[in-house]
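Report on the structure given below.
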Amino acid sequence: DQQVKQNSPSLSVQEGRISILNCDYTNSMFDYFLWYKKYPAEGPTFLISISSIKDKNEDGRFTVFLNKSAKHLSLHIVPSQPGDSAVYFCAASAYSDKLIFGTGTRLQVFP
Amino acid sequence: KAGVTQTPRYLIKTRGQQVTLSCSPISGHRSVSWYQQTPGQGLQFLFEYFSETQRNKGNFPGRFSGRQFSNSRSEMNVSTLELGDSALYLCASSRADRGQTEAFFGQGTRLTVV
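Residue numbers (the working numbering), protein chains in the order written: chain A, 22 to 132; chain B, 5 to 118.
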């Protein structure tokens, strides 16, 4: 039972354009959401998070949007840079519970 | 401030053997979680330890076990290794005893079972 789903295994975006990575969840108890970025042979690196009391959180080029009614969140990267090429994982948790990860989306930013 | 340290980085074992992986969390972090990453499966949660007690457990067989020491360092053990156990094993530590804070990951241990 995949409670956190990233339905796009890969995404290719031109440098300078917007990258939009999507994530859907099924558990209505989730109230905290995170995005991680992972390069090969390294552990995931925390990018940005959002609490369910908000619908948007911004940090530099990265913005996360949360639509609770649709159980959907997205990560926007603007402008995209070649160094953003990595696998992106969304994760969710209910208060005090473990993080549940999606299967990841491989982003490739080309010149 | 040192990050999460996992040792060893790489391991090759044969079927039927057992293996122990080690994780040293960030100083001051009391929660340590373990994840298995395989291609196409994302990060699958194994278990979480907090103050030397297992607080959460994922859906893995009993061959997978762990423990946490008083200094918050954690070990994960896999017995009777199977080929399907080949994966990247990641450890993450976090600060909160309860509540929502991000987890910080180590670089992982790449286990290959032959």
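All C-beta atoms in this analysis are idealised placements derived from N, C-alpha and C, irrespective of residue type, glycine included. All values reported here derive from a predicted model rather than from experimental measurement.
Nearest neighbour of residue i, chosen from the options [CA to CA]
i: ILE98/A; options: GLN27/A, GLY123/A, LEU42/A; result: LEU42/A
i: LYS1/A; options: CYS111/A, ARG82/A, THR84/A, PRO61/A; result: No statement about residue 1/A is possible, as the shown extent of chain A runs from 22 to 132 and does not include it.
i: GLU56/B; options: GLY88/B, SER37/B, GLN41/B; result: SER37/B
i: PRO43/B; options: ASN60/B, GLN72/B, ASP89/B; result: ASP89/B
i: PHE67/A; options: GLY110/B, THR9/B, THR84/B, GLY20/B; result: GLY110/B
i: GLY66/B; options: SER31/B, GLN22/B, ALA96/B, GLY32/B; result: GLN22/B
i: GLY81/A; options: ALA91/A, ILE69/A, GLY104/A; result: ILE69/A
i: VAL8/B; options: SER31/B, ARG19/B, THR18/B, LYS17/B; result: SER31/B
i: ALA91/A; options: SER106/A, GLY104/A, PHE122/A, SER73/A; result: SER73/A
i: PHE83/A; options: GLY64/A, LEU96/A, SER29/A; result: LEU96/A
i: PRO61/A; options: PHE122/A, GLY123/A, VAL108/A; result: VAL108/A
i: GLU63/A; options: GLY62/B, LYS61/B, GLN10/B; result: GLN10/B
i: GLY46/B; options: SER106/A, GLN24/A, ASP118/A; result: GLN24/A
Per DSSP, the bridge partner or partners of residue i
i: MET80/B; result: LEU25/B, GLY70/B
i: ILE16/B; result: THR116/B
i: TYR93/B; result: GLN40/B, THR113/B
i: GLN24/A; result: Beta-bridge pairing links GLN24/A to no other residue.
i: VAL8/B; result: For VAL8/B, which the question treats as bridged, DSSP gives no partner whatsoever.
i: THR126/A; result: TYR109/A
i: ILE121/A; result: ALA113/A
i: LEU47/B; result: GLN41/B
i: THR57/B; result: PHE54/B
Beta-carbon proximity list for residue i, same chain, < 6 Å, skipping 5 on both sides
i: SER114/A; result: TYR53, LEU120
i: ILE71/A; result: PHE54, ASN78, VAL85, LEU87
i: PHE64/B; result: LEU50
i: ARG114/B; result: TYR14, LEU92
i: GLN58/B; result: PHE51
i: ARG99/B; result: HIS33, THR105
i: HIS93/A; result: ASP45
i: LYS17/B; result: VAL23, LEU85, VAL117
CB contact below 8 Å: residue i versus chain E
i: GLY64/A; result: Going by chain labels, chain E is absent from the structure shown, which instead holds the protein chains A and B.
Neighbourhood of residue i by C-beta distance below 7 Å, restricted to the same chain and skipping five residues each side
i: GLN72/B; result: VAL36, TYR53, GLU56, SER78
i: GLN40/B; result: GLN48, LEU50, ALA91, TYR93
i: TYR116/A; result: ASP52
i: ARG34/B; result: PHE54, SER55, SER76, ASP101
i: SER33/A; result: GLN129, PHE131
i: ARG19/B; result: LEU85, GLU86, LEU87, VAL117
i: MET50/A; result: ALA115
i: GLY112/B; result: GLN10, LEU92, TYR93, LEU94
Residues near residue i in its chain [Cβ-Cβ closer than 8 Å; skip 5 each side]
i: SER31/A; result: THR126, ARG127, LEU128, GLN129
i: SER28/A; result: Reading off the sequence shown, one finds Asn at residue 28/A, where the question assumed Ser. Around ASN28/A: ASN43, ASP45.
i: PHE68/B; result: LEU50, PHE51, MET80, ASN81, VAL82
Next on the checklist: Closer than 8 Å is the cut-off here; do at least three beta carbon pairs connect the region 53–61 of chain A with the region 12–31 of chain B?
Outcome noted: At 8 Å Cβ cutoff, the stretches do not touch.
Item to check | Any 3 or more C-beta pairs closer than 8 Å across the region 120–131 of chain A and the region 67–83 of chain B | outcome: With fewer than three CB-CB distances shorter than 8 Å, the region 120–131 of chain A does not count as touching the region 67–83 of chain B.
Next on the checklist: Whether or not the region 99–111 of chain A and the region 30–48 of chain A are in contact is what I'm after, with contact meaning three or more pairs of Cβ atoms, one per stretch, closer than 8 Å; do they touch?
Outcome noted: The answer is yes - the region 99–111 of chain A touches the region 30–48 of chain A, with three or more Cβ pairs under 8 Å.
Next on the checklist: Which complete beta strand (DSSP E) runs does the region 29–60 of chain A hold, if anything under 3 residues is left out?
Outcome noted: As summarised for the region 29–60 of chain A, the continuous beta strand (DSSP E) elements at least 3 residues long and confined to that stretch are 31–35, 40–46, 53–59, given in chain order.
Next on the checklist: Quick check for students: name the residue ranges of the beta strand (DSSP E) that lie wholly in the region 77–110 of chain A, counting only runs of 3 or more.
Outcome noted: Runs found: 77–80, 83–88, 93–98.
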